[in-house]
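Sequential numbering of the sequence shown, starting at 1, is according to the UniProt record's numbering.
Worksheet: the structure to be examined is printed underneath.
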Amino acid sequence: MYIKALEQEVLRLKEAFGDATRERDAVYEENRKLRDLLAAHGIKYNFSEAPIKFQREESSYGLSSSGSMSGSYGPGSDSTDFSPPPLLSGQPNHLAQGAGSHSAPPHMQSMAQLPSNRLDYDQIGIDFVLTLERPCMDHMQYLLVRSHNSENMPFHHPMENHDDSEHEHMSGHALMATAPSHSHIKNTPKEMYPHQMPVDLGTEGLAKLLDLSNRLPFDHYSEITPVMAWTAVLRHPRVQHLNKRDFEVVKKDLSTKVRCYGFGAVLEEFELHDAVAAVLAAKDAAPF
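As structure tokens, this is what we get:
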């Protein structure tokens, strides 16, 4: 029962993260428009003061508006910073920094912390994970809906036990990047969820979700998930030597070796190493 409840909480938190990211981006966009509007009217402002003070610049005709305009958007707070824009590739993530925050473990390399060789690693990683999770597309929603079965009714097959104290159905797929959202499973269980990442998040938000999935503590296993596989590729010492076509070759090779044993898509770790090694060996053997 604990694992089942944990799965449902993971789905709920993933959806909450997506909603919060979309709201943050909307606020940032509105803030950008307001800044542009103030600049267009020649109004200077200082957000470091409370209340915020505005001052109009001198006109081009020499007339001066010496008086300053002050205003406040509410009670003073300790911080007047606005949500920062989505991170550009190569920029460190400062969103979570502050008192009590903890940086990611050094061995967990983020998608944005890679060599600047004009490759969109975020988008390549999203396509990589989408492809390797595809074998679970046909059964993932069924397992998630069955796990959410709040009415304890038999599901789809007369021989299948309903969800009770003896048979507590777990989905085994809650940690997959392409898992349907909690609200979709709860509100529209009969509507087939498309094989996709959470919508309207952008590559920065999706990269953050994948990074969070990879930070879960685990011992060394011979089988790894698609997210773990992508992280292992990023941590390879020669990742900067791989171009977009090389990533496609690795992805195509691994897509035929992904399996699901009821707990999400996995592949053997040695198969990943072999696929990357084969691509690098071919590059080394190629004439200059």
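The beta carbon of each residue, even a glycine, is placed where N, CA and C say it ideally should be.
Query: Beta-carbon proximity check, C136 vs M176, cutoff 8 angstroms; Result: yes
Query: Inter-residue spacing [alpha-carbon to alpha-carbon] between H148 and R259; Result: 24 angstroms
Query: C-alpha distance - A278 paired with S222, whole-angstrom precision; Result: 19 angstroms
Query: Cβ neighbour criterion (16 or more within 10 Å) applied to T178; Result: buried
Query: Rounded distance between the beta-carbons of L132 and S255, thought under 8 angstroms; Result: 6 angstroms
Query: DSSP-derived helix/strand/coil call for N31; Result: helix
Query: Cα-Cα separation, K208 to H241; Result: 24 angstroms
Query: Where N46 sits in the DSSP three-state scheme; Result: strand
Query: Member of D138, E9, D36 whose CA lies at the smallest distance from the CA of G264; Result: D138
Query: Chain-order list of residues whose beta-carbon lies under 8 angstroms from that of V10 (same chain, five-residue window excluded); Result: A174, L175
Query: Simplified DSSP state of K186, which is helix, strand or coil; Result: helix
Query: CB contact flag (K283, L267, <8 angstroms); Result: no
Query: Contact check, I124 vs K244, beta carbons under 8 angstroms; Result: yes
Query: Contiguous beta strand (DSSP E) assignments of at least 3 residues, all confined to the region 215-270; Result: 265-268
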